[in-house]
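A.B. asks: Protein chains in written order, with the working numbering: chain A, 18 to 419; chain B, 78 to 399; chain C, 17 to 370.
Ideal placement from N, C-alpha and C gives every residue a C-beta, glycine not left out.
All values reported here derive from a predicted model rather than from experimental measurement.
Here's a structure for you.
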Amino acid sequence: MNPLLRRLRQDLFATPADSLLSIALLAILASGSTAFLHWAFSRAQWAVIQANSTLFALGRYPIEQQWRLWLLTALLAAAAGIGWGMLRSHPRTDRSGRLWPANDRIAALLLLLSLALPWALGLALPIQLRWWALSGLLLLLRWLAGRFGPGLPPALKRLLPLGLPLLYLIGMLLIGGGLGLAPVPPSEWGGLLLTLLQASFAILLCFPLGVLLALGRRSDLPLLRWGSVIYIEFIRGAPLITLLFLGQNMLGFLLPGGMAPERVWRAAWVLTLFAAAYLAEAVRSGLAAVPRGQVEAARSLGLSLPQAFSTVVLPQALRVALPSMVGQFISLLQDTTLLSLIGLMELLGTARTVMANPAFLGKNAEVYLTLAVLFWCCCAALGLGSRALERRLDPAAVVRSG
Amino acid sequence: MPWWRNRVVLPWVIQAAVALTVLVLIAFLLGNLIRNLTAAGLLLSWNWLGQPAGFDIAETLLPFDASQPYWRGLAAGLVNTLRVVLAGLVGSTLLGTLLGMASFSSNGLLRGLTRAYVEIVRNIPLLLQLVFWYFVVFLSLPNGTAAIQLPGVVLAKSGLYLAWFGEGLRWLGPYLVNGVWQAPLRLSVEFGALLTGLVAYSAAFIAEVVRGGIAAVAKGQWEAASSLGLSWFQTLRQVVLPQALRVIVPGLNTQYISLAKNSALAVAVGYTDLYSVAETTLNQTGRAVEVVLLLLAAYLVLDLFISLVMNGLNRLVQIRER
Amino acid sequence: MRSRARSWLALPLLLALGLAGCASDSGGGVQSGKMATIKARGKLICGVDGSLPGFSFVGPDGSYSGLDVDVCKAMAAALFGDPTKVEYRNLNSSERFAALASGEVDLLSRNTTMTLSRDAAGGNGLSFAPPTFYDGQGVMAPIASGIKTLKDLAGKPICVESGTTTELNLADRMREQSIPYTPLKFQTGDQTYAAYLQGRCVAVTSDRSQLAGKRSSFPNPDAHSLLPDVMSKEPLTPATVNGDPVWADAVRWTVNALFQAEELGISKASIAAKLAEAKANPNQADLRRFLGVEGEFGKQLGLPADFVPKIIGAVGHYGEIFDRNVGPGSRLKLDRGVNKQWKDGGLIYSPPFR
Chain A
18 MNPLLRRLRQ DLFATPADSL LSIALLAILA SGSTAFLHWA FSRAQWAVIQ ANSTLFALGR
78 YPIEQQWRLW LLTALLAAAA GIGWGMLRSH PRTDRSGRLW PANDRIAALL LLLSLALPWA
138 LGLALPIQLR WWALSGLLLL LRWLAGRFGP GLPPALKRLL PLGLPLLYLI GMLLIGGGLG
198 LAPVPPSEWG GLLLTLLQAS FAILLCFPLG VLLALGRRSD LPLLRWGSVI YIEFIRGAPL
258 ITLLFLGQNM LGFLLPGGMA PERVWRAAWV LTLFAAAYLA EAVRSGLAAV PRGQVEAARS
318 LGLSLPQAFS TVVLPQALRV ALPSMVGQFI SLLQDTTLLS LIGLMELLGT ARTVMANPAF
378 LGKNAEVYLT LAVLFWCCCA ALGLGSRALE RRLDPAAVVR SG
Chain B
78 MPWWRNRVVL PWVIQAAVAL TVLVLIAFLL GNLIRNLTAA GLLLSWNWLG QPAGFDIAET
138 LLPFDASQPY WRGLAAGLVN TLRVVLAGLV GSTLLGTLLG MASFSSNGLL RGLTRAYVEI
198 VRNIPLLLQL VFWYFVVFLS LPNGTAAIQL PGVVLAKSGL YLAWFGEGLR WLGPYLVNGV
258 WQAPLRLSVE FGALLTGLVA YSAAFIAEVV RGGIAAVAKG QWEAASSLGL SWFQTLRQVV
318 LPQALRVIVP GLNTQYISLA KNSALAVAVG YTDLYSVAET TLNQTGRAVE VVLLLLAAYL
378 VLDLFISLVM NGLNRLVQIR ER
Chain C
17 MRSRARSWLA LPLLLALGLA GCASDSGGGV QSGKMATIKA RGKLICGVDG SLPGFSFVGP
77 DGSYSGLDVD VCKAMAAALF GDPTKVEYRN LNSSERFAAL ASGEVDLLSR NTTMTLSRDA
137 AGGNGLSFAP PTFYDGQGVM APIASGIKTL KDLAGKPICV ESGTTTELNL ADRMREQSIP
197 YTPLKFQTGD QTYAAYLQGR CVAVTSDRSQ LAGKRSSFPN PDAHSLLPDV MSKEPLTPAT
257 VNGDPVWADA VRWTVNALFQ AEELGISKAS IAAKLAEAKA NPNQADLRRF LGVEGEFGKQ
317 LGLPADFVPK IIGAVGHYGE IFDRNVGPGS RLKLDRGVNK QWKDGGLIYS PPFR
């Protein structure tokens, strides 16, 4: 018998009860998806997305300055391509020699799907062309890095990760202006730009804070320990919305007049301080997984305590904590939607103003579904990346291959 | 030996430095707070809690009207929060456990669908799901005779009508009077949307907790049970789940607490919970600091309570295991 | 472990609550210098609604317009001689006072009703300029629903924006007439009207001008009507934070200048001619003082001497602002009503500039 058929029979029709269940589920699935497809292709009016695509992407960012964001996107695509290629080509992970392992095929498929996105949304041709060019750049660099990356001198390879903070600084400069670029105030950032900016800012800064807090919580010094515990539990005990509310309404009182940051930054800091507490717990569980003997062994080799922690304990702890840390990052990305409740124009806030526009009243389903797909893709991509990184850092793989 | 190498002195120096920094920071913030509040004439006071609130709340278990004081309004909001949290805990536990169990089904389609559900729901922000449920699903419900009628339940835009015990403990279903539905139990669509959103979201996470718990039970247990002639469901219910609970309960604690905190998003779908009342109160009174303190304290106590109950449950599960 | 940590945590919080309760209200010193902050910053930060046609609305090109917005522009013109030196902040009704009190915005020009408790130092502690629009609270319902009076709303859900005087007036009126009702509260106007249009509530209540403004943006405005009942007085007024009389005075007299200019018939078109006339003719003492040709009103307020010509040159007089944004020249087509000049029997009245 055909193996596919056999597999199907085993999975779906093993027993009479299973068969019944399968048929019922298939019927529900079929009717549900036909109803959805019918709605999506004949009743839904996607013009609301088409007409407001720039608003969703960038908010009220000045049109004449948008080239800066295209440049930034190109830089990011390049970085992603190089990073992806280097990760894959690393001799320790995949010795099969295949440049496109099975998991990458899924990622590449996702990328191809995203290629079709501007076309599906019916965006202007120049935008479509730029989009394709960017994707082409990403794939090209991925291939180049995968092909020639391993041959690069090791010193250069070690320098590569340093490019990331540099890239972030360049990005901030491109977005906000300065050094000769016309300034664009944060009140004009919006849409996906603001969402990603808030999430990346919080992710980057909560990481060192969270590690410090986790170390503090496991410290032998009682003051440090209790200080960390109080902070972590206080933040974890409060809903994010009340903390954002606190940030918007009370920060002005807590700082001398005029010193309180812009409210976009205020929200970014609240998100950072919030995420740090959760990250600390993830790191703490990682630290707990590193045996005490590791510190002692490192100390007996003559390393100082900070050295032992930074070169022996932390790397192991972070590897163990990686999945839950990425989980926190994903929920952080999702939590940025709460900014719409305090009046910021991130994706959901933009969606609200778009739907208040008389021309698009009642187009809730179209808008919310688009946002859902967008968020799903971002979060799923983060998850995929995390799993790839996990495999790459897996000591078992190192032992096997090296 | 210099002091910075002294392992007795050094920790205390570090701690003193950290404590000093934190104290200076706190003193700085508090000083500003008091100065700014004084300048604005808003120095902390709690007298306003006894003033009449002047606003109404749509659906309350705790009777409340505009002539009653603010504290009563906040209490009514808290009761509304507790109501949705409690219903959410029950609902998400049931759905989550079912989903978690289904991911071990022998039916591949069911397994796949469960997986898909968890992956879809967990990767979409809760707030987005809530507004979707409210503005897209619940506000599109028809009214009157066109309402969706299920046995014992009627879903209409004007509310969700459930069968319950009417007068004289008589089981009574929803009925139509002059085009308006009546029932012993009526829930608002705001409550319905919030509850649905919270349950659907939390259930995905609880399903993962349950799945992890079941997976932690040794495979041999399944084989042993089935060789004793137990069916799949019997094995799960009588052999595997009791052991899995040991792993599941601590995980549930985390999920329950985040459900309680997530309930504050009610404000986005027009349900008047504690946070919503607090926001209105702040607006009417201008008492930002007091309101924020009350909010934080209330949620902290709620979390604490859930943790206490779950820790008790955890002990129970652990003892039963032997 | 976690629960123990949490109980430890609850302790200081409860302590703080208790301590805070012991702290007594005491009077504070006057803080000044808002004006200096704004001038140093080089732009005015103005809190507006941002989604209310006629009062403050963002156009497709991202620019703001409306009656509330014109007050911001007038203030910027008075300060800097340039109406574009404004940064607008969209505020919802629940966050507006906190934004003002914490200094996030300099001026709140966001269809805010002046009330005693908002003005009083023991309440919200705001400082109000003269009202720029005298409004009243109304109720809008679909014509098809057959609702004609408040009584018809008995037992029905009514949509209302939370944190507004509207919400309180609704409670008061319904209580007076013993009409049971269900208030459905939303954080923003957008959500409130979305829920109304989707039929979740049979009526929506707000200031009548706002209802008219929103109705004009509905797909079929003629299907909705305003009930005749006027529930309240709603004097919509720009506000500043209490405790800075210098800044509050500057705002107050900027608004008064808009009123006075209309009374004197000085419009955006005629300001140049009037200014030339005042400069040429030393006998026109009133006009000369008003336009800053003589006297030092500007200096007394901490504004440039020619702040009035700058204001009128930028936004025109009150009548022009009204007509352009909410009157016949707009989609709202509201009647001047009580918002006429006092000479015509209205409430718009500027104290003398002298």
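#1: In the DSSP output, what is B:ARG263 paired with across the bridge?
#2: Among all the DSSP beta bridges, which residues are the ones paired with C:GLY154?
#3: Beta-carbon within less than 7 Å of C:PRO147's beta-carbon, same chain only, minus the 5 sequence neighbours each way: which residues are those?
#4: Determine the burial state of A:GLU250: buried for a count of at least 16 other Cβ atoms within 10 Å of its Cβ, exposed for fewer.
#5: Chain D partners of C:PHE202, CB-CB under 7 Å?
#6: Who are the neighbours of B:GLN332 on chain A, taking C-beta pairs under 9 Å?
#7: Quick check on the burial criterion: 16 or more other C-beta atoms within 10 angstroms. Buried or exposed for A:HIS55?
#8: Any contact of the stretch 266–273 of chain A with the stretch 324–341 of chain A, i.e. 3+ C-beta pairs under 8 Å?
#9: Can you have a look at B:TYR252 and say buried or exposed, based on whether 16 or more other CB atoms are within 10 angstroms of its CB?
#10: Rounding to the nearest angstrom, what Cα-Cα distance links B:SER180 and A:ASP28 in this structure?
#11: With which residues is A:SER50 paired in a DSSP beta bridge?
#12: Please determine if the stretch 173–188 of chain C and the stretch 234–245 of chain C are in contact, where contact requires at least 3 C-beta pairs separated by less than 8 Å.
#13: For B:VAL95 and B:GLY131, what's the separation of their Cα atoms in angstroms?
#14: For A:PRO79, does the three-state DSSP call read helix, strand or coil?
#15: Taking Cβ positions only, does B:ASP423 come closer than 8 Å to chain A?
#16: Buried or exposed: where does B:GLN315 fall if 16 or more other Cβ atoms within 10 Å of its Cβ makes it buried?
#17: DSSP beta-bridge partners for C:GLY63?
#18: Let me check understanding here. Comparing Cα to Cα, which of C:CYS62, C:ASP122, C:LEU363, C:SER346 lies closest to C:VAL262?
#19: Starting from the C-beta of B:THR357, find all residues in its chain whose C-beta is less than 7 Å away, skip the five residues before and the five after it, and write them out in chain order.
#20: Among the candidates A:VAL228, A:TYR295, A:SER341, whose CA atom is the shortest distance from the CA of A:LEU257?
#21: How should C:ASN297 be labelled, buried or exposed, when 16 other C-beta atoms within 10 angstroms of its C-beta is the threshold for buried?
#22: Does the structure place the stretch 103–114 of chain C close enough to the stretch 329–339 of chain C that three or more beta carbon pairs sit under 8 Å?
#23: Report the rounded CA-to-CA distance for C:LEU132 versus B:GLN361, giving the unit in angstroms.
#24: Quick one: what's got a C-beta closer than 6 Å to A:CYS394's C-beta in the same chain, skipping five residues either side?
#25: In whole angstroms, give me the CA-to-CA distance for A:ARG112 and B:MET178.
#26: Look up C:CYS175 in the DSSP assignment and give the residues it is bridged to.
#27: Between the beta-carbon of B:GLY243 and the beta-carbon of B:PRO261, is there less than 8 Å?
#28: Inspect the beta-carbon positions of B:LEU318 and B:VAL286 and report whether they are closer than 8 Å.
#29: If you compare alpha carbons, which of C:GLY97, C:GLU120, C:TYR209, C:MET190 is closest to A:VAL281?
#30: Determine the chain A residues that contact C:ALA210 at a beta-carbon separation under 9 Å, and present them in chain order.
#31: With A:PHE224 as the anchor, note down where its alpha helix (DSSP H) starts and where it stops.
#32: I'd like to know whether the C-beta of C:PRO193 is nearer than 8 Å to at least one C-beta of chain B.
#33: Do A:GLY102 and A:ARG23 have their C-beta atoms closer together than 8 Å?
#34: Give me the Cα-Cα distance between C:PHE323 and C:ILE287, rounded to the nearest whole angstrom.
#35: Please say whether C:VAL246 and C:LYS89 have beta carbons closer to each other than 8 Å?
C.D. replies: In this structure, then:
#1: B:TYR238
#2: C:SER222
#3: MET130, PRO251, LEU252, THR253
#4: buried
#5: The structure shown contains no chain D; its protein chains are A, B and C.
#6: Near B:GLN332 there are no residues of chain A at all, since even the closest Cβ is about 12 Å away, more than 9 Å.
#7: exposed
#8: no
#9: exposed
#10: 13 Å
#11: According to DSSP, which records beta bridges pairwise, A:SER50 is partnered with nothing at all.
#12: no
#13: 47 Å
#14: coil
#15: Residue 423 of chain B is absent from the model: chain B starts at 78 and stops at 399.
#16: exposed
#17: C:ARG105, C:LEU124
#18: C:ASP122
#19: PHE132
#20: A:TYR295
#21: exposed
#22: no
#23: 12 Å
#24: none
#25: Annotation note: pLDDT 48 at A:ARG112 (below 50); position unreliable, coordinate value reported separately. Their backbone Cα atoms lie some 38 Å apart in a straight line.
#26: C:LEU200, C:VAL220
#27: yes
#28: no
#29: C:GLU120
#30: ARG369, MET372, ALA373, LEU378, GLY379, ASN381
#31: 208–234
#32: The sequence shown places Gln at residue 193 of chain C, rather than the Pro named in the question. No, C:GLN193 does not count as interfacial toward chain B.
#33: no
#34: 12 Å
#35: no
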